[in-house]
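Novice:
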Amino acid sequence: MQEVIINEQIEKSKFVKKCFFYKFTLVPATLFILMALLTFSQSVLAASKFDHFSTGFPLEGQHATLECSACHKNGVFKGTPTQCEFCHANQGNINGSIKSPKHMPTSNHCADCHITTGWDQIIRIEHASAQGNCQNCHNDQVTTGRTANHMQTSENCESCHVDVNWGSIPNFDHNEAFGSCSNCHDGKVAEGKNPKHILSSLTCESCHATISWSPSTKVDHNEVMGSCGSCHNGSIAQGKNTQHILSSESCESCHAVVSWSPSTKVDHNEVMGSCGSCHNGSIAQGKNPKHILTSTTCESCHSTISWSPETRVDHNEVIGSCNTCHDGTIATGKNPTHILSTEKCESCHSNFNWTPATMVDHNEVLGNCMSCHDGNIATGKNPDHLVTTLDCENCHSTLAWTPASFDHSGITQPCSSCHDGNTATGKTPDHVLTTLECDNCHTTIAWTPARFDHSNITQPCSSCHDGNTATGKTPDHLLTTLECDSCHNTNAWSPAGFDHTGIAQPCSSCHDGNTATGKTPDHVLTTLECDNCHSTDAWIPASFDHAGITQPCSSCHDGNTATGKNQQHILSSNTCDACHSTLTWAPAVKVDHNEVQGSCTSCHDGNIATGKNPGHFITTVECDSCHSPQSWLPSFYTHTGAYPGDHRQNLDCTDCHTSNNEVIPWQFPYQPDCAGCHANRYKQKEHKKTKSPTTIYYTVDELRDCAGSCHEYTDDTFTTIKKTRNGEHRVNDSSFD
39 MQEVIINEQI
49 EKSKFVKKCF
59 FYKFTLVPAT
69 LFILMALLTF
79 SQSVLAASKF
89 DHFSTGFPLE
99 GQHATLECSA
109 CHKNGVFKGT
119 PTQCEFCHAN
129 QGNINGSIKS
139 PKHMPTSNHC
149 ADCHITTGWD
159 QIIRIEHASA
169 QGNCQNCHND
179 QVTTGRTANH
189 MQTSENCESC
199 HVDVNWGSIP
209 NFDHNEAFGS
219 CSNCHDGKVA
229 EGKNPKHILS
239 SLTCESCHAT
249 ISWSPSTKVD
259 HNEVMGSCGS
269 CHNGSIAQGK
279 NTQHILSSES
289 CESCHAVVSW
299 SPSTKVDHNE
309 VMGSCGSCHN
319 GSIAQGKNPK
329 HILTSTTCES
339 CHSTISWSPE
349 TRVDHNEVIG
359 SCNTCHDGTI
369 ATGKNPTHIL
379 STEKCESCHS
389 NFNWTPATMV
399 DHNEVLGNCM
409 SCHDGNIATG
419 KNPDHLVTTL
429 DCENCHSTLA
439 WTPASFDHSG
449 ITQPCSSCHD
459 GNTATGKTPD
469 HVLTTLECDN
479 CHTTIAWTPA
489 RFDHSNITQP
499 CSSCHDGNTA
509 TGKTPDHLLT
519 TLECDSCHNT
529 NAWSPAGFDH
539 TGIAQPCSSC
549 HDGNTATGKT
559 PDHVLTTLEC
569 DNCHSTDAWI
579 PASFDHAGIT
589 QPCSSCHDGN
599 TATGKNQQHI
609 LSSNTCDACH
619 STLTWAPAVK
629 VDHNEVQGSC
639 TSCHDGNIAT
649 GKNPGHFITT
659 VECDSCHSPQ
669 SWLPSFYTHT
679 GAYPGDHRQN
689 LDCTDCHTSN
699 NEVIPWQFPY
709 QPDCAGCHAN
719 RYKQKEHKKT
729 KSPTTIYYTV
739 DELRDCAGSC
749 HEYTDDTFTT
759 IKKTRNGEHR
769 VNDSSFD
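Each position in the sequence shown, counted from 1, maps to that position plus 38 in my numbering.
Set out below in structure tokens:
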């Protein structure tokens, strides 16, 4: 570096000598040259000693051999730009080499990719700021393009690659790839079939789609090698579903790849489990709608070798009636000789032993008894049956064959002509001893209870009613030695009568609840004897002597011990005896209105109590607005806001109420103001309010209530009255001054 500087110094010295020799005198020229050389020499020596690294821009690579003036123009050192593009540009300060026309478009600084040792030595490429797409550079001209073994595609590089890691492809658009999948997915260029892939001669795209590789969109099973189970094992592909029938068979034994469902055939010999585990209407067809209702399993009646007809039927498990199946269509029905009946089979037959029938419900049999009970089909009359040509049902019932009934309505002979103990039943051993005919006491309509005509009996009741010949007294009968007919009569035994006239003992001596009925549970609590209130002539109503009672009425008359106030009683906090008297309960002797609750009209409505008389003043106000219960007359009434204030003199009601009505007929249309009555008394002229500065008159609204509308003021401020008057006169609508 120093050698270069010295050579430059010598050459410049020669140049200076020649120039100044011809134009100036030798001495001044020599002095000038010496001074210039001295200055130049000092600057060169200073440059050779300057530490350029201290500026933050070390002179490295190609910059190390440049003269200072190559970058520092006109001796200016401070503020020289350090970025490449200030020198290496068409319009730069220094004419350094510039970007070639083929340089990739980018917003990066030169130093982001290049180094100073050589412009073509690129240490890295910052693709983030590169402008355009990959092909702008990677086109085998600017730089390398796609490799020879790159897959055929019309896509841009950036559709699949990223500049951060070119070899890792985060996404791949197969829609733009040319050729079949195996062109790339051969295990070399790209991943091929995995070891667990099903054995198949098909191409990838036959089953897979580029949009969603897994699961596969379809599988052409015709090209698949091996059995179904080699793939459909629950790992490689879906196996049997949880609802599949239990079977040791391979899939293809029952299914076909053309149409998997429904299965083409089922070898039931290999099926494990019962029929119902598959034939339940979901996995496989179940019972048809016409199948008999039963809870038994299929194999109980059917066989897989020959499903129909069934081998046997276990009727114990069949649900429903017999004729559900035995209707002559599904199964055999009634035979032609069967008795006519509307009954179901099971009403008479049993599936354990069909014949003979276990019972016959005769209510459902059609026809008469003889159609069956002829001694052949069913048993007929027994040998000792009453000789008759009547049908059985004339006397017998299917509900209860015996005893039989007999229609006696046409019989004229006495009962004993048949009921002699031989032809028909006679008297029972415990019958009353009598020679009378049966129909004297009994009827054919209702044999019991029997009746007896006591009208001609002169003996006392007990001569028969002794508990042996005829019924006697009941166990709970009143203890007495009296004859029955003292209380009872043969026309109506109950209720019995009892003559109390000769009884001197109190009622309770018998009526104690044991000997005779006592007080009822809801009787008033009292120690008084019955006859204090009741009479043997008429037990009800009872009378009660309140004379000695000192307690208030409500102590008994509370609605429980004795009757209380009725529902229509007036609302009152008074006790009963405040208004009523035990001597005469109604009408009430007086009413203490201070304790009455509610308004007057709640009672005085013309029904509960007297109302307004016909000539009463017509009004809707309550009675107590004018009357007082202490003194009903004279009446009074205090007017409220409806009354039009004080007047100069007392008014009679009729001064305003010209009719017998609360409605006032106003004389003039100014109610409720003074003018409503006194409009005709106003002066018939204009009423001046002021004359200064202009004349102002009172309005109708100011005059109608007489509220100061008579004054004339000095001006339109209406503060000073022009002329005052002495004496009483109205100031407002409620007073006079």
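The C-beta atom is built at its ideal place from N, Cα and C for all residues, glycine as well.
Kindly indicate the opening and closing residues of the alpha helix (DSSP H) around D693.
Specialist: Along the sequence shown, one-based indexing puts residue 693 at 655. Unbroken alpha helix (DSSP H) run through D693: 691-694.
Novice: Output the boundary residues of the beta strand (DSSP E) element that contains G156.
Specialist: What you label residue 156 is simply residue 118 of the sequence shown in a count that begins at 1. 156-160 is the span of the beta strand (DSSP E), which, as asked, contains G156.
Novice: Give me the Cα-Cα distance between T564 and S573, rounded to the nearest whole angstrom.
Specialist: Residue 564 sits at position 526 when you count from the first residue of the sequence shown. Residue 573 sits at position 535 when you count from the first residue of the sequence shown. Straight-line spacing of the CA atoms in T564 and S573 works out to 17 Å.
Novice: Can you find the residues in the same chain that come closer than 7 Å, C-beta to C-beta, to C122, ignoring five residues on each side of it along the sequence?
Specialist: Translated into positions along the sequence shown, residue 122 becomes position 84. Around C122: H147, C148, A149.
Novice: Locate the alpha helix (DSSP H) running through L741, then write down its first and last residues.
Specialist: By 1-based counting over the sequence shown, the position of residue 741 is 703. Counting along the chain, the alpha helix (DSSP H) containing L741 begins and ends at 738-741.
Novice: If E355 and T332 are in contact, beta carbons under 8 Å, what's the gap, nearest whole angstrom?
Specialist: For the purposes of this step, residue 355 is identified with residue 317 of the sequence shown, where counting begins at 1. For the purposes of this step, residue 332 is identified with residue 294 of the sequence shown, where counting begins at 1. That pair is a contact at about 5 Å.
Novice: Quick check: the region 752-759 against the region 723-735, are at least 3 beta-carbon pairs closer than 8 Å?
Specialist: yes
Novice: Would you please state the rounded distance, in angstroms, between the beta carbons of N718 and F655? I believe it to be under 8 Å.
Specialist: To locate residue 718, count along the sequence shown from 1; it is residue 680. To locate residue 655, count along the sequence shown from 1; it is residue 617. Not confirmed; about 27 Å, so no contact.
Novice: Can S285 and V309 be called in contact, C-beta distance under 8 Å?
Specialist: Counted from its first residue, the sequence shown places residue 285 at position 247. Counted from its first residue, the sequence shown places residue 309 at position 271. Yes; because the gap between Cβ atoms is below 8 Å, this pair is in contact.
Novice: Assuming Y675 and S666 are in contact, meaning their beta carbons sit under 8 Å apart, how far apart are those beta carbons, in whole angstroms?
Specialist: Counting from 1 along the sequence shown, the entry for residue 675 is found at position 637. Counting from 1 along the sequence shown, the entry for residue 666 is found at position 628. 12 Å between Cβ atoms; not a contact.
Novice: Per DSSP, which one or two residues make a beta bridge with A168?
Specialist: Sequence index remark: in the sequence shown, residue 168 carries index 130 (1-based). Partner(s): T144.
Novice: Would a C-beta distance cut-off of 8 Å place E229 and H235 closer than the cut-off?
Specialist: For the purposes of this step, residue 229 is taken as the residue at position 191 of the sequence shown. For the purposes of this step, residue 235 is taken as the residue at position 197 of the sequence shown. Contact flag unset, no.
Novice: At the level of alpha carbons, what is the spacing between S254 and H293?
Specialist: For this step, residue 254 is matched to residue 216 along the sequence shown. For this step, residue 293 is matched to residue 255 along the sequence shown. Those two C-alpha atoms are separated by around 21 Å.
Novice: Would you list the one or two residues that DSSP bridges to S273?
Specialist: For the purposes of this step, residue 273 is taken as residue 235 along the sequence shown, with counting starting at 1. None; S273 has no bridge partner.
Novice: Is the beta carbon of H101 less than 8 Å from the beta carbon of T154?
Specialist: Indexing the sequence shown from 1 puts residue 101 at position 63. Indexing the sequence shown from 1 puts residue 154 at position 116. Yes, they are a contact pair.
Novice: Can you grab the Cα-Cα spacing for the pair K761 / C748, in whole Å?
Specialist: Counting from one through the sequence shown, the residue named residue 761 turns up at place 723. Counting from one through the sequence shown, the residue named residue 748 turns up at place 710. K761 and C748: Cα-Cα distance of roughly 10 Å.
Novice: Is the closest heavy atom of the ligand FAD to the C-beta of H147 under 7 Å?
Specialist: The model on display carries no ligand, and the ligand FAD is accordingly not part of it.
Novice: Is the number of C-beta pairs between the region 613-627 and the region 582-591 that are closer than 8 Å three or more?
Specialist: yes
Novice: If G311 and H317 are in contact, beta carbons under 8 Å, what's the gap, nearest whole angstrom?
Specialist: For the purposes of this step, residue 311 is identified with residue 273 of the sequence shown, where counting begins at 1. For the purposes of this step, residue 317 is identified with residue 279 of the sequence shown, where counting begins at 1. Incorrect: roughly 11 Å between the Cβ atoms, too far for contact.
Novice: Would the beta-carbon of T191 fall within 8 Å of that of F216?
Specialist: As a working note, residue 191 is residue 153 in the sequence shown. As a working note, residue 216 is residue 178 in the sequence shown. The answer is yes: Cβ separation under 8 Å.
Novice: Mapping DSSP to helix, strand and coil, what is N570?
Specialist: Position 532 of the sequence shown, counted from the start, is the residue given in the question as residue 570. It is helical.
Novice: May I ask you to report which of helix, strand or coil DSSP gives H306?
Specialist: Within the sequence shown, the letter at position 268 stands for residue 306. Note: H306 maps to helix in three-state DSSP.
Novice: Check whether the Cβ atoms of L609 and V634 lie closer than 8 Å to each other.
Specialist: Working through the sequence shown from its first residue, we reach residue 609 at position 571. Working through the sequence shown from its first residue, we reach residue 634 at position 596. Closer than 8 Å, so yes.
Novice: Exposed or buried, which one is S238 when buried takes at least 16 other CB atoms within 10 Å?
Specialist: As a first step, residue 238 must be located in the sequence shown, where it is residue number 200. S238 is buried by the Cβ-count criterion.
Novice: Alpha carbon to alpha carbon, how far is S673 from F774? Give it in angstroms, no decimals.
Specialist: Against the sequence shown, residue 774 aligns to sequence position 736. Against the sequence shown, residue 673 aligns to sequence position 635. Unreliable placement is indicated for F774, whose pLDDT of 41 sits below 50; no coordinate value is reported for it.
Novice: Would you call the region 521-533 and the region 494-510 in contact, with 3 or more CB pairs under 8 Å?
Specialist: These segments touch.
Novice: I need the boundaries of the alpha helix (DSSP H) containing G205, first residue and last residue.
Specialist: The count along the sequence shown starts at 1 and reaches residue 205 at position 167. Premise fails: G205 is in no alpha helix (DSSP H) and is neither H nor E.
Novice: Quick check on DSSP: helix, strand or coil for A626?
Specialist: In the sequence shown, the residue the question calls residue 626 occupies position 588. A626: coil per DSSP, three-state reduction.
Novice: Quick one: residues in its chain with C-beta nearer than 6 Å to the C-beta of G183, no 5 flanking neighbours on either side, listed in chain order?
Specialist: Position 145 of the sequence shown, counted from the start, is the residue given in the question as residue 183. If we look at G183 and ignore the five residues flanking it on each side, its Cβ neighbours are H176, N177.
Novice: State the CB to CB distance for the pair S546 and C568, rounded to an integer number of angstroms; the pair is presumed to be in contact (CB under 8 Å).
Specialist: The count along the sequence shown starts at 1 and reaches residue 546 at position 508. The count along the sequence shown starts at 1 and reaches residue 568 at position 530. That belief holds up - the Cβ atoms of S546 and C568 are roughly 6 Å apart, short of 8 Å.
Novice: Assuming M142 and N174 are in contact, meaning their beta carbons sit under 8 Å apart, how far apart are those beta carbons, in whole angstroms?
Specialist: Along the sequence shown, read from residue 1 onward, the residue named residue 142 stands at position 104. Along the sequence shown, read from residue 1 onward, the residue named residue 174 stands at position 136. Indeed they touch by this definition, with Cβ atoms about 6 Å apart.
Novice: Rounded C-beta distance between L517 and T553? I'm assuming under 8 Å.
Specialist: Here the question's residue 517 lines up with position 479 in the sequence shown. Here the question's residue 553 lines up with position 515 in the sequence shown. Their Cβ separation, rounded to whole angstroms, is 7 Å, which keeps L517 and T553 in contact under 8 Å.
Novice: Spell out the partners DSSP gives A215 in its beta bridges.
Specialist: Residue 215 sits at position 177 when you count from the first residue of the sequence shown. Answer is T191, bridged to A215.
Novice: With which residues is S610 paired in a DSSP beta bridge?
Specialist: On the sequence shown, position 572 is the one that residue 610 refers to. Paired residue(s): V634.
Novice: On the three-state DSSP scale, how would you describe T362?
Specialist: Residue numbering aside, residue 362 sits at position 324 when the sequence shown is read from its first letter. Three-state DSSP puts T362 in a helix.
Novice: As a quick exercise: from T599, S532, N527, G586, pick the residue whose alpha carbon is nearest that of T558.
Specialist: Residue mapping note: residue 558 aligns to position 520 of the sequence shown, counting from 1. Of the candidates T599, S532, N527, G586, the one whose C-alpha sits nearest the C-alpha of T558 is T599.
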